[in-house]
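S.K.: Below you'll find the structure I mean.
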Amino acid sequence: MTNTKRNADYPHSTISTATDSIHMNGVSLSSYQEEQQSRKKQQHVYGKAATTEARNPPTFPTVTPKPCRRMTIRIYDPEQQIVRIVRDCVLVPTSNDDENDAYDYRRRRNLYNDWSHTDDSTDSSSDEEVETTSQAKNDVAYLLERTKSKALYGEVIHGKVLKRRTSPLPSSFDKTVEWELTKDDIAIKQMSWTYIRQQPYADDPQKEVAAMQYIRQNYSSSNKSSPHYATDSIDNNDASDKSNLIQKMMDAHVVFPYDLLADDRHLYSIMPYCDGNELFYMLKDRKRFSEDECRYWMTQILKGIETLQQLGICHRDLSLENILVHQDKCLIIDMGMCLRVPKGDGDNVDELEDVREATEYHHDNHNEKQHSHSYWKKRKNKKRFLLKPQGVCGKIKYMSPEIRQNKVPFDGYAIDLWAVGVILFMMCTGYDPWEIPCDSDRRFYYFTRGHLADIIAQWGIKLSDELLDLLQWMMMVNPRERPCLSQVRAHPWMMMGRYEKEHKK
């Protein structure tokens, strides 16, 4: 799979490119003109009503990264039984209460809060001489090894955890070797303060680290008997502590951070290392997935969405590129655009049991009878508000039409599930559904008006009726008509794998 495909790259279909006459399978779509006019009027009415219900998102609690120094030190490799000097590639957390480090801490805190103009070309913390860290109270440091990928504000680096040595080295080695290499792999997202200051994208690294910390501290298992996972501090020397964090991360299907550090030049987010690749590249290699494979990944993606919704968070940038595979399981990453969904205390009469009741689009009758069964009943979540327009953000092909319009309040959960629908379409067909989520895009126009099955058939792609139904439902332009998380999970297509497995016994 490549990036957004043009019409010529798609299998043959009968979609006309003429702007004045649009036909498909011999059926004229001119009848939609009256519906479009009615829809516009209803959008105005619903949009106006929803504005009074909408709020701006609450901010994430502020997090202050720990101060650190990027140092040149000797490390002992117990596997190869050698000592080597690592120059300017070791992050050593420093103490805030040390007199010298306190100055660095205050300066670094000002960098974080006030967007310092420090130039990346200077680095007061580096030294050509081997440095000692005996005054540093932290027993863990991080070795930066090689760049794994580029990021918007810097790069993602593969690294290793270092632990402070507690036993002397053999007499043949230098006694000043304080650190020992472990087998623990980590991923270090290194973000430049200069780039953060100069290029303020919607993808905000400060929001990302705050959101990740918020998720880690507040995530709790769906199992009511499980304890609340409050993990303000992780003992990086404790293997069971790290293992528990990774297990919780895998259960949540959302990436958790180990640590957050900063110096004069960079902000460092320390995360567990994932051994796989983005789901995007897996699909690119395979072209398309079978329905069973799609269901396997879809189930895990929905678990990640559940984690975010339990914490009142919408991601706003869900995509194949932002789903990472680790040990054959997937994790949602890149929280730089996510928002907290405003919720109330239950006493405000203006609050909504289901925010879709006040979204801007007029109700139409997509499979109304079919989706009226008991398993389609809406799940009553904690009362929450719509979000006021927050700007156009995310990747265009995954973006919902209301986010692209950026004119009316939106349901944070609905826009994430729209993106999940696009992901599912791409996994099962191997194609992008459209280039732009608006009526001027012919594929968008037809797909969102009930013709998805017709076009897929013309492409020569065989999909089950249940999958086609779910895709069509998730591609409803009207946010009120899209399924919520529990409805997607309860859809017959999502249940098919479990049903088939149980009945093969």
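Numbering of the sequence shown is given in full-length UniProt numbering, commencing with residue 1 and proceeding in unit increments.
The beta carbon of each residue, even a glycine, is placed where N, CA and C say it ideally should be.
(1) Mind checking aspartate 416: buried by the 16 CB within 10 Å criterion, or exposed?
(2) Can we say the region 69-86 touches the region 397-416, given the rule of at least three CB pairs closer than 8 Å?
(3) Hey, out of Val341, Gly312 and Glu306, whose CA is closest to isoleucine 332's CA?
(4) Give me the Cβ distance between residue 521 and proline 65, rounded to the nearest whole Å; I'm assuming they're in contact under 8 Å.
(5) Give me the Cα-Cα distance between threonine 51 and lysine 388, rounded to the nearest whole angstrom.
(6) Do you know how far the Cα of glutamine 80 is from the Cα of arginine 340?
(7) So what's isoleucine 246 in DSSP terms, helix, strand or just coil?
(8) Tell me where the beta strand (DSSP E) around methionine 271 begins and ends.
(9) Using three-state DSSP, classify lysine 383 as helix, strand or coil.
(10) Quick one: give me the first and last residue of the alpha helix (DSSP H) that serine 486 is part of.
(11) Who does proline 93 pair with in a DSSP beta bridge?
(12) List the residues that DSSP assigns as beta-bridge partners of lysine 189.
(13) DSSP three-state label for isoleucine 461, please.
(14) Give the single residue among Cys484, Met496, Lys189 and Leu162 whose Cα lies nearest to the Cα of lysine 148.
(15) Who pairs with tryptophan 179 in a beta bridge, going by DSSP?
(16) For asparagine 144 and alanine 252, I'd like the C-alpha separation in whole angstroms.
(17) According to DSSP, is methionine 494 part of a helix, a strand, or is it coil?
(18) Ignore the nearest five residues each way along the sequence and tell me which others in arginine 404's own chain have a CB closer than 8 Å to its CB.
(19) Indicate the three-state DSSP secondary structure (helix, strand or coil) for arginine 443 in the structure shown.
(20) Determine the DSSP secondary structure at cysteine 393, reduced to helix, strand or coil.
(21) Using 8 Å as the threshold, is the C-beta distance between valine 422 and leucine 302 below it?
(22) Around the Cβ of glutamine 300, are there at least 16 other Cβ atoms within 10 angstroms (buried) or fewer (exposed)?
(23) Would you please state the rounded distance, in angstroms, between the beta carbons of tyrosine 273 and isoleucine 196? I believe it to be under 8 Å.
(24) Go to aspartate 259, then tell me how far its beta strand (DSSP E) extends in each direction, as first and last residue.
(25) According to the neighbour-count rule (16 or more other Cβ atoms, all chains shown, within 10 Å of its Cβ), is lysine 160 buried or exposed?
(26) Spatial neighbours of serine 167 within its chain, please: C-beta separation below 7 Å, excluding the five flanking residues on both sides.
(27) Which partner residues of isoleucine 301 appear in the DSSP bridge assignment?
(28) State buried or exposed for proline 479, treating a residue as buried only when at least 16 other CB atoms are found within 10 Å of its CB.
(29) Just the Cα atoms here: how many angstroms apart are threonine 94 and valine 477?
(30) Do valine 209 and valine 420 count as a contact pair if the criterion is CB distance below 8 Å?
(31) What first and last residue would you give for the beta strand (DSSP E) that runs through glutamate 321?
(32) Please go through the same chain and pick out, in chain order, the residues whose beta-carbon is closer than 6 Å to the beta-carbon of alanine 211, but skip the five residues on each side of it.
(33) In three-state terms, what does DSSP make of threonine 59?
(34) Grouping DSSP H, G and I as helix and E and B as strand, with all else coil, what is glutamate 53?
(35) Whole angstroms is fine: what's the gap from isoleucine 85's alpha carbon to aspartate 184's?
(36) Taking buried to mean at least 16 other C-beta atoms within 10 Å of its own C-beta, is arginine 87 buried or exposed?
M.R.: Per the coordinate set shown:
(1) Here residue 416 corresponds to residue number 416 of the sequence shown, with the count starting at 1. With 16 or more Cβ atoms within 10 Å of its Cβ, aspartate 416 is classed as buried.
(2) no
(3) As a working mapping, residue 332 is identified with position 332 in the sequence shown. It is Glu306 whose Cα lies nearest to the Cα of isoleucine 332.
(4) Missing from the structure shown is residue 521; the chain here goes from 1 to 505 and no further.
(5) Translated into positions along the sequence shown, residue 51 becomes position 51. Translated into positions along the sequence shown, residue 388 becomes position 388. Any reading at threonine 51 is ruled out, since the residue's pLDDT is 37, under 50, leaving its predicted position unreliable.
(6) The residue you call residue 340 lines up with position 340 of the sequence shown. The residue you call residue 80 lines up with position 80 of the sequence shown. Approximately 48 Å between the Cα atoms of the pair.
(7) Here residue 246 refers to the residue found at position 246 when the sequence shown is read from its first residue. Looking at isoleucine 246 - three-state DSSP - the assignment turns out to be helix.
(8) What you label residue 271 is simply residue 271 of the sequence shown in a count that begins at 1. First-last of the beta strand (DSSP E) with methionine 271: 266-272.
(9) Locating residue 383 in the sequence shown gives position 383, counting from the first residue. Looking at lysine 383 - three-state DSSP - the assignment turns out to be coil, as it is neither helix nor strand.
(10) Taking the sequence shown and counting its residues from 1, one reaches residue 486 at position 486. Element bounds for serine 486: 485-490.
(11) Counting from one through the sequence shown, the residue named residue 93 turns up at place 93. Proline 93 is bridged to Cys68.
(12) Counted from its first residue, the sequence shown places residue 189 at position 189. DSSP output for lysine 189 lists Val156 and Ser269 as bridge partner(s).
(13) Here the question's residue 461 lines up with position 461 in the sequence shown. Here isoleucine 461 sits in coil by DSSP.
(14) Position 148 of the sequence shown, counted from the start, is the residue given in the question as residue 148. If we check each option's Cα against that of lysine 148, Lys189 comes out closest.
(15) One-based indexing of the sequence shown puts residue 179 at position 179. Paired residues: Ile75 and Arg164.
(16) Here residue 144 refers to the residue found at position 144 of the sequence shown. Here residue 252 refers to the residue found at position 252 of the sequence shown. The question names asparagine, but residue 144 is leucine in the sequence shown. Distance between the alpha carbons of leucine 144 and alanine 252: 27 Å.
(17) Reading the sequence shown from its first residue, position 494 is the one you call residue 494. Three-state result, methionine 494: helix.
(18) The residue labelled residue 404 in the question sits at position 404 within the sequence shown. So the qualifying residues of the chain are Val392, Ile396, Ile436, Pro437 and Cys438.
(19) Numbered from 1 along the sequence shown, position 443 holds the residue referred to as residue 443. Arginine 443 falls in the helix class under three-state DSSP.
(20) Within the sequence shown, numbered from 1, the residue matching residue 393 stands at position 393. Correct three-state label for cysteine 393: coil.
(21) What you label residue 422 is simply residue 422 of the sequence shown in a count that begins at 1. What you label residue 302 is simply residue 302 of the sequence shown in a count that begins at 1. Not in contact: valine 422 and leucine 302 (Cβ atoms no closer than 8 Å).
(22) Translated into the one-based positions of the sequence shown, residue 300 becomes position 300. Buried, because 16 or more other Cβ atoms sit within 10 Å of the Cβ of glutamine 300.
(23) Here the question's residue 273 lines up with position 273 in the sequence shown. Here the question's residue 196 lines up with position 196 in the sequence shown. At roughly 24 Å, the Cβ-Cβ gap does not stay under 8 Å, so tyrosine 273 and isoleucine 196 are not in contact.
(24) Looking up residue 259 in the sequence shown gives position 259. Aspartate 259 -> beta strand (DSSP E) spans 259-262.
(25) Taking the sequence shown and counting its residues from 1, the one referred to as residue 160 is at position 160. Lysine 160 should be labelled buried.
(26) Position 167 of the sequence shown holds residue 167. Excluding residues within five positions, none has a Cβ falling inside 7 Å.
(27) Sequence index remark: in the sequence shown, residue 301 carries index 301 (1-based). Beta-bridge pairing links isoleucine 301 to no other residue.
(28) Numbered from 1 along the sequence shown, position 479 holds the residue referred to as residue 479. Classification of proline 479: buried, given that the 10 Å Cβ count is 16 or more.
(29) On the sequence shown, residue 94 is found 94 positions in, with the first residue counted as 1. On the sequence shown, residue 477 is found 477 positions in, with the first residue counted as 1. Taking the straight line from one Cα to the other gives about 52 Å.
(30) Here residue 420 corresponds to residue number 420 of the sequence shown, with the count starting at 1. Here residue 209 corresponds to residue number 209 of the sequence shown, with the count starting at 1. Cβ distance not < 8 Å, so valine 420 and valine 209 don't count as in contact.
(31) What you label residue 321 is simply residue 321 of the sequence shown in a count that begins at 1. Per DSSP, glutamate 321 belongs to no beta strand (DSSP E) and is neither H nor E.
(32) Stepping through the sequence shown from its first residue, residue 211 is reached at position 211. Closer than 6 Å at Cβ, skipping near neighbours: Phe60, Met335 and Cys338.
(33) Numbered from 1 along the sequence shown, position 59 holds the residue referred to as residue 59. In the structure shown, threonine 59 sits in coil (DSSP, three-state: anything other than H, G, I, E or B).
(34) The sequence position of residue 53 within the sequence shown is 53, counting from 1. Glutamate 53 falls in the coil class under three-state DSSP.
(35) The count along the sequence shown starts at 1 and reaches residue 85 at position 85. The count along the sequence shown starts at 1 and reaches residue 184 at position 184. Taking the straight line joining both Cα atoms gives about 19 Å.
(36) Against the sequence shown, residue 87 aligns to sequence position 87. Exposed.
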